[in-house]
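Asker: One structure, pasted below without further comment.
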């Protein structure tokens, strides 16, 4: 396995009921669960905690370690930083003031940001469990079976497949650059910042040209082998009732938590 594949590959092979379950059931369950979690009201901490319970159960049922799942989920949390300005823009009870700037942080703003981060983290955990228990080929076939447009499925498939190819080529280019700029004792290596930026620009341009040429060769080869606009998958059997029921129970539980938290059932 290449270094790029080792870093980015998300599937974890295990022998568990979650791994052998139909990808369509897992997709429907995960998407429905994520949609339900987005309805969580600000400050509804009990609802967020209850929403995380099924994820804990699935983690252990899939024979995955909690640290493995949590560690991967943290990779997406930096993108939640876009919500941080709410601390200073949401009106409410002032808790602190940033020196020199005069910015004031409100309790309501902190509560809003914490809720957004918690909702996002739970959604990412669900996505991590989905990708860790389902091979990418099964995910793509499941998406196509659920009616996702073939162009979108094909785009995701080719992007995932050739990401590794382009990543390996970029790695080889950087290795070649390093081999031609060895550091010598007592001498400065690497040149100026302007020179490094120029070298990096040439590398990016060369990688783009190589990728474009490769795509033309690959597309011509695919057409010569009968490519008709979408990947060909084997026919899938009907969705088994137990798996459909499990997905429905997961989504139903998530929406029931939201209904109780919002008082919709009262």
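In my numbering, the protein residues as written are 1 to 266. From the three backbone atoms N, C-alpha and C, an ideal C-beta is built for every residue, glycine too. Small disclaimer: the values here were computed from a predicted structure and weren't measured.
Throw me the rounded Cβ distance for the residue 86 and residue 109 pair, which I believe falls under 8 Å.
Answerer: Between residue 109 and residue 86 the Cβ distance is about 5 Å, and since that is below 8 Å, they are a contact.
Asker: When the Cβ atoms of the region 153-171 are set against those of the region 100-107, are three or more pairs found closer than 8 Å?
Answerer: No contact exists between the region 153-171 and the region 100-107.
Asker: Judging by CA-CA distance, which residue of 20, 25, 17 and 29 is the nearest neighbour of residue 253?
Answerer: The shortest Cα separation from residue 253 among 20, 25, 17 and 29 belongs to 29.
Asker: Of the choices 57, 54, 59 and 114, whose alpha-carbon is the least far from that of residue 82?
Answerer: For residue 82, the nearest C-alpha among the options comes from 114.
Asker: Suppose only complete runs of 4+ residues qualify. What are the alpha helix (DSSP H) ranges in the region 22-68, listed by chain order?
Answerer: Those alpha helix (DSSP H) runs which fall completely within the region 22-68 and span 4+ residues are 23-37 and 45-61.
Asker: Relative to the C-alpha of residue 272, which candidate in 63, 122, 21 and 51 has its C-alpha closest?
Answerer: A question about residue 272 goes unanswered here, because the residues of the chain that appear run from 1 up to 266.
Asker: Smallest Cα separation from residue 118: which of 73, 89 and 106?
Answerer: It is 73 whose Cα lies nearest to the Cα of residue 118.
Asker: For the putative contact between residue 58 and residue 18, defined by C-beta atoms under 8 Å, what is the C-beta separation to the nearest angstrom?
Answerer: Their Cβ separation, rounded to whole angstroms, is 6 Å, which keeps residue 58 and residue 18 in contact under 8 Å.
Asker: Tell me the DSSP secondary structure of residue 2 in three-state form.
Answerer: Note that residue 2 scores 46 on pLDDT, short of 50, meaning its location in the model is unreliable; the coordinates nonetheless yield the value given after this. It is coil, neither helix nor strand.
Asker: Please classify residue 102: does DSSP put it in a helix, a strand, or coil?
Answerer: Correct three-state label for residue 102: coil.
Asker: Run through the DSSP bridge pairs and tell me what residue 89 is partnered with.
Answerer: BP columns for residue 89 are empty, so no partner.
Asker: Around the C-beta of residue 216, are 16 or more other C-beta atoms found within 10 angstroms, so that it is buried, or is it exposed?
Answerer: Counting Cβ neighbours within 10 Å, residue 216 comes out exposed, since fewer than 16 surround it.
Asker: Could you give the distance in angstroms between the alpha-carbon of residue 20 and the alpha-carbon of residue 259?
Answerer: Taking the straight line from one Cα to the other gives about 31 Å.
Asker: Can you check whether the C-beta of residue 46 is within less than 8 Å of a C-beta belonging to chain B?
Answerer: Among the protein chains of the structure shown there is no chain B, as only one such chain exists.
Asker: On the DSSP bridge list, what partners appear for residue 96?
Answerer: Answer by DSSP bridge pairing, in chain order: 105.
Asker: What does the Cβ neighbour count give for residue 250, buried or exposed, with the cut at 16 atoms within 10 Å?
Answerer: Looking at its Cβ environment, which holds 16 or more other Cβ atoms inside 10 Å, residue 250 is buried.
Asker: State the Cα-Cα distance for the pair residue 213 and residue 163, rounded to the nearest angstrom.
Answerer: Approximately 15 Å, taken between the alpha carbons.
Asker: One question on the structure: do residue 133 and residue 26 come within less than 8 Å of each other, judged by their Cβ atoms?
Answerer: A contact, by the Cβ cut-off of 8 Å.
Asker: If you compare alpha carbons, which of 200, 197, 246 and 169 is closest to residue 211?
Answerer: It is 169.
Asker: For residue 244, collect the residues of the same chain with a Cβ closer than 7 Å to its Cβ; drop the 5 residues on either side in sequence, then sort them by chain order.
Answerer: Within the same chain, residue 244 has close Cβ partners 25.
Asker: Run the CB neighbour count on residue 15, radius 10 Å, all protein chains shown included, and call it buried at 16 or more, exposed below.
Answerer: Under this definition residue 15 is an exposed residue.
Asker: DSSP three-state label for residue 8, please.
Answerer: In this prediction, residue 8 scores a pLDDT of 48, lower than 50, which makes its location untrustworthy; the coordinate-derived value is nonetheless stated afterwards. Correct three-state label for residue 8: helix.
Asker: By DSSP, does residue 211 sit in helix, in strand, or in coil?
Answerer: Residue 211 falls in the helix class under three-state DSSP.
Asker: At the level of alpha carbons, what is the spacing between residue 106 and residue 41?
Answerer: Between residue 106 and residue 41, the C-alpha separation is close to 18 Å.
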